[in-house]
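Report on the structure given below.
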Amino acid sequence: MNKKWLATPYLFWAVAFIVIPLLMVVYYGMTDKTGAFTWENVIAITSPEHVKALMLSLLLSLISTIICLLLAYPLAMILVAKHASKTSFIVMLFILPMWMNFLLRTLAWQTLLEKNGVLNGILSFLHLPALNLINTPGAIILGMVYNFLPFMVLPIYNVLAKIDINVINAARDLGANGIQTFLKITLPLSFPGIASGITMVFVPALTTFVISTLLGGSKILLIGNVIEQEFTTASNWHLGSGLSLVLMIFVLLSMVISSFFDKDGEGAAL
Amino acid sequence: MKKLVALACITATSVAALSGCGSSESSNGEVIVYNWGEYIDPDVLEMFEEETGIKVVYDEYETNETMYPKVEAGAAQYDLVCPSDYMIDKMIEKGLVQELNFDNIPNAKQYIGEQYYEQSKEFDPENKYSIPYCWGTVGILYNQTMVSEPITSWDVLWDAQYENNILMQDSVRDAFMVALKRNGNSMNSTDDAELNAAKDALIEQKPLVQAYVVDQVRDKMIGNEAAIGVIYSGEAIYTQRENSDLVYVIPEEGTNVWIDSWVMLKDAPNKENAEKFLDFLCRPEIALKNFEYITYSTPNTGAQELIEDEDIKNSPIAFPDLSQYNNIETFQYLGEEFDEKLNELWKQVKSN
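Order-wise, the sequence lines are chains B and Z. For reference, each letter of the first sequence is one residue, going 24 to 293 in my numbering. For reference, each letter of the second sequence is one residue, going 344 to 695 in my numbering.
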């Protein structure tokens, strides 16, 4: 591999926009306003309102990850079973909304779920009672699932598509029924995809603050909102960075678990 | 004041930048202005450049809090900034701004109404540093078809019959202002007991609140999403134009009168040009042009005279007679420790 020098621009990029900012976060997180070293910003996670926000974030992102997995796996299987032309059409349908800005798509959900929104409009047209959808934890989960579902579907689809059909045929030949084949062959072979999908949904869901602001009416405080506010309105970058460091531990944890299942990085290949 | 429409900001900036390039390559130098997003008629910048040959370098921010660190760090050298009252207070205290020479800005004394300088004394006690640019009140906007009786008091925001029909401001000091005023306290209170009482009131109110929003109050009220919202008076005029059922009131317990004023930074590189720019902005016809563009009340009495639409000219929303209220206040800067304390209390409200 004598073409390593081709990676130099990326190296510069990574240092300038990943490593240095990360070090700055560590610096801010570990110092107070006078610049003296302190653990206080990190320990601040133990204050009741921060713990509550963190727990709520973990819970909501866990629920949305599970929902994403339950929706994505069957879909990925259907995609693999279809002819190539149909598959690419359905994959296209999935990727198409991602061409549109994430904020706009979330704002669109606001319009759909609002009190006088599209959904309630249909309900009242059918003489059904209006539902209180917006500004609830459910709306936030919906927003997370909607926005992050493609990140679950694509890695699982990738892994499933790579499974040699002969392996499955062999299993059937040897007398395994459909369920057994799925549980003993397909599912274990797709673990790398599932693991990478879980990380790709869980991590952004855990750290989001936009979805909770737009669909939760700022009534539901997630840890992402706390951090965002420390930077924007409270102008306490030290506390914001300290809390980010704590959040990074959770992100790293989920990535470690994921890489344990996805040793070859198969699922990550999008 | 709080228009966070980033897209529009970008457009406005680029328009300003383009016009800057086109019209003046002359040697009259430049003036570097840092203002709120969507807070000036872009034509005004162009007119100034054409008239004086001074190039306007125009930059925008969304909140006082995002502007401050940039100015404090001195990373970007600006001449003029247009912060709000309490932020000016802070900038004076931190020595970031310089005294203005009003002799070089004659229009400022001639056309800006005396009452606005008077109100400014809460943050600029000797009127040495700032020239009022826009001002307004914070009040309740309600939909008269959705409430049982006319609203007069902040108390209505705690009325259980409006559960899920109330929009609160999602900004620390505005939210606490409402609660403090409702409890009969000063909105600049630093008393722990009063602040805690305000916090408890906000927690008590939370189940009734539909959402905490800033700019979206406008659209949600127009779309009949809520019956009652806390809003800036400048937005009220616009919302009423779109939805005639909406009524704006200043509650009887009093409210916040805010002022956004121009200040010159301590080491402004183009002092003379900055003075010319300020003088230009204080011209009645220019102030009128800006008022029509941004719809926030102008303190320029000359411009107020020139308004053709009688309804707006005499509008109690745009130009309320402040003397009839004895309990209106302007935010003061109460120190970093206070800011931290208030943010902490707000977090407790939000996480509850």
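All C-beta atoms in this analysis are idealised placements derived from N, C-alpha and C, irrespective of residue type, glycine included.
Can you tell me whether DSSP reads residue 554/Z as helix, strand or coil? strand
Which of the three DSSP states, helix, strand or coil, is assigned to residue 122/B? Here residue 122/B carries a helix assignment [DSSP, helix/strand/coil].
Quick one: what does DSSP say residue 437/Z is sitting in, helix, strand or coil? coil
When you compare only the Cα positions, how much space is there between residue 409/Z and residue 255/B? 6 Å
Could you name the residues that DSSP lists as bridge partners for residue 607/Z? The partner list for residue 607/Z (beta bridge, DSSP) reads 423/Z and 441/Z.
When the Cα atoms are used, what is the spatial distance from residue 81/B to residue 229/B? 6 Å
Which bits of chain Z does residue 155/B rub up against, with CB to CB less than 9 Å? 507
Listed from N- to C-terminal order along the chain, which residues in the segment 387 to 413 of chain Z have their beta-carbon within a distance smaller than 9 Å of any beta-carbon of chain B? 405, 406, 408, 409, 411 and 412
Take residue 67/B as the anchor and find which of 84/B, 178/B, 179/B and 53/B has the nearest alpha-carbon. 53/B
Between the segment 426 to 442 of chain Z and the segment 617 to 630 of chain Z, are three or more C-beta pairs nearer than 8 Å? no
Residue-level contact to chain B via CB, residue 592/Z, 8 Å cutoff: no
Among the candidates 403/Z, 376/Z and 412/Z, whose CA atom is the shortest distance from the CA of residue 397/Z? 376/Z
Any C-beta of chain B under 8 Å from that of residue 691/Z: yes
Within the segment 447 to 491 of chain Z, note down every full beta strand (DSSP E) run reaching 3 residues or more, in order along the chain. Fully enclosed beta strand (DSSP E) runs of 3 or longer: 473 to 486.
Of the choices 249/B, 264/B and 214/B, whose alpha-carbon is the least far from that of residue 283/B? It is 214/B.
At a threshold of 7 Å, does residue 237/B count as lining the ligand SAH (C-beta to nearest heavy atom)? The ligand SAH is absent from the structure shown, which contains no ligand whatsoever.
Against chain B, with Cβ distances strictly below 8 Å, would residue 567/Z count as a contact? yes
Cα-Cα, which of 151/B, 27/B, 147/B and 176/B is closest to residue 117/B? Nearest to residue 117/B by C-alpha distance, out of 151/B, 27/B, 147/B and 176/B, is 176/B.
Does the beta carbon of residue 552/Z sit closer than 8 Å to a beta carbon anywhere in chain B? yes
Please state whether DSSP places residue 417/Z in a helix, a strand or coil. Three-state result, residue 417/Z: coil.
Measuring only the C-alpha atoms, how far is residue 368/Z from residue 400/Z? Its pLDDT being 45, under 50, residue 368/Z is placed unreliably by the model, and the measurement read from it follows with that caveat. Distance between the alpha carbons of residue 368/Z and residue 400/Z: 13 Å.
Just curious, the alpha helix (DSSP H) that residue 682/Z is in, first and last residue? 679 to 694
Where residue 509/Z and residue 559/Z are concerned, what is the direct C-alpha to C-alpha distance, given to the nearest angstrom? Whole-angstrom Cα-Cα distance: 13 Å.
Residues that residue 398/Z bridges to, as DSSP identifies them: Per DSSP, 373/Z.
With a threshold of 8 Å, are at least 3 pairs of Cβ atoms found where one atom belongs to the segment 178 to 196 of chain B and the other to the segment 86 to 100 of chain B? Segments in contact, yes.
Please say whether residue 523/Z and residue 529/Z have beta carbons closer to each other than 8 Å? yes
For residue 245/B and residue 163/B, what's the separation of their Cα atoms in angstroms? 10 Å
Looking only at its own chain, which residues have a Cβ that is under 6 Å from the Cβ of residue 699/Z, when we skip the five neighbours before and after it? There is no way to answer for residue 699/Z, as the model of chain Z reaches only from 344 to 695.
Let me check one thing: in DSSP terms, what residues is residue 510/Z bridge-paired to? 554/Z and 572/Z
Evaluate residue 42/B with the Cβ neighbour count: other Cβ atoms within 10 Å of its Cβ, from every protein chain shown; 16 or more gives buried, anything less gives exposed. Residue environment: residue 42/B is assigned as exposed (fewer than 16 neighbouring CB atoms within 10 Å of its CB, all protein chains considered).
Find the residues of chain Z that neighbour residue 256/B, judging by a C-beta separation of less than 8 Å, and give them in chain order. 406, 408, 514, 515 and 686
Alpha carbon to alpha carbon, how far is residue 578/Z from residue 381/Z? C-alpha separation (whole angstroms): 13 Å.
Closest by CA to residue 427/Z, which one among 374/Z, 589/Z, 406/Z and 694/Z? The shortest C-alpha separation from residue 427/Z is found at 406/Z.
Give me the Cβ distance between residue 586/Z and residue 564/Z, rounded to the nearest whole Å; I'm assuming they're in contact under 8 Å. 7 Å
Distance between residue 386/Z and residue 467/Z (C-alpha atoms, nearest Å): In a straight line, the C-alpha of residue 467/Z is about 30 Å away from that of residue 386/Z.
Whose C-beta lies closer than 7 Å to the C-beta of residue 582/Z among residues of the same chain, with five residues either side of it excluded? 484, 561, 564, 565 and 589
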